[in-house]
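**Q**
There are 2 protein chains.
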Amino acid sequence: MNARTQARYQARAKVIKALAHPTRLFIVDQIADTEKCVCELRDLIGADMSTVSKHLSVLKDAGVVSDDKRGLQVYYRLRVPCILNLFGCIEGVLRANAEAQADAMHSN
Amino acid sequence: MNARTQARYQARAKVIKALAHPTRLFIVDQIADTEKCVCELRDLIGADMSTVSKHLSVLKDAGVVSDDKRGLQVYYRLRVPCILNLFGCIEGVLRANAEAQADAMHSN
DNA sequence: TTCCTATTTGGTATTATAGCCAATCAGTCT
DNA sequence: AGACTGATTGGCTATAATACCAAATAGGAA
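And the structure:
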């Protein structure tokens, strides 16, 4: 794998890595159709505000969300809606995993 | 976020986490339409075979790939093709990021 | 059986990530 | 201006991920 290829996959991995955390997936779901401020997300998640803020900065740095400061609040919204399509696929993987596990049980 | 919700997002995150590495993304691309054995992937990637094997086990454990031992070789294939759709979306994010960066340059 | 080859597993050092607290920053309101 | 609120940043510790080497496993061939 040469340097150019390596760089391309690294850029892709950065975006996916930003999504690879339960809290951040939850955030993406929450702001999918309605923007929300950090304090709202903090309440929904139940973690320290600084923790939520850092998760949001990871998502923002990857280009997944965009922010908009209005008054004291900063509102975050999903910048790239196609990410939502991913969730259906992931659910498919989980279903397939569950089936495979069930099959393995039967064959014992 | 209650325990049930937490568990669901954790399960999803596991699958996405399995994809969140340049080498593993490369592997997914490589076996998208043709299964490949570990040694072929090792040559393409240029890392230690044990490293490649561990990447494959992460993907397999998440249910993304399946393996098939024939003779001395173990062949890996993509188990859930819809993951390929993700790549188009990711490229879209990267393009949007590049544009945003270009815009930021102009406004200086 | 013994040798050889492909793969996996164990051990370990290095690096990255997560979460909380405390401190800081940036607006708002009086 | 000074007090207040929402958000971000820095610092720290704990945990997880990565990559290599070396050792073990599994199957094929002599």
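In order, the protein sequence lines correspond to chains A and B.
So the first sequence is numbered by my numbering: it starts at 1 and just counts up by one.
So the second sequence is numbered by my numbering: it starts at 109 and just counts up by one.
Glycine residues also receive a C-beta, built at the ideal position from the N, C-alpha and C atoms.
1. If the criterion is Cβ atoms closer than 9 Å, does the pair arginine 120/B and leucine 167/B meet it?
2. DSSP state of leucine 78/A, grouped into three classes?
3. Give the list of continuous alpha helix (DSSP H) stretches no shorter than 4 residues that lie fully inside the stretch 5-51 of chain A.
4. May I ask you to verify whether the stretch 189-202 of chain B touches the stretch 81-91 of chain A, counting CB pairs closer than 8 Å and requiring at least 3?
5. Please state if the CB of alanine 126/B and the CB of alanine 170/B are separated by a distance shorter than 9 Å.
6. Quick one: give me the first and last residue of the beta strand (DSSP E) that valine 65/A is part of.
7. May I ask you to list, following chain order, the residues of the stretch 152-177 of chain B that have a beta carbon less than 8 Å from some beta carbon of chain A?
8. Identify, in the order they occur along the chain, each residue of the same chain with its Cβ nearer than 7 Å to the Cβ of isoleucine 90/A, setting aside the five sequence neighbours on each side.
9. Identify each residue in the stretch 109-138 of chain B for which the Cβ-Cβ distance to at least one residue of chain A is less than 7 Å, and report them in chain order.
10. Are the stretch 109-118 of chain B and the stretch 100-107 of chain A in contact at 8 Å, needing three or more beta carbon pairs?
**A** So, from the listed chains and residues:
1. no
2. strand
3. 22-30 and 38-45
4. yes
5. yes
6. 65-70
7. Leu152, Ile153, Gly154, Ala170, Gly171 and Val172
8. none
9. Met109, Gln114, Tyr117, Gln118, Ala119, Arg120, Ala121, Val123, Ile124, Lys125, Leu127, Ala128, His129, Pro130, Leu133 and Phe134
10. no
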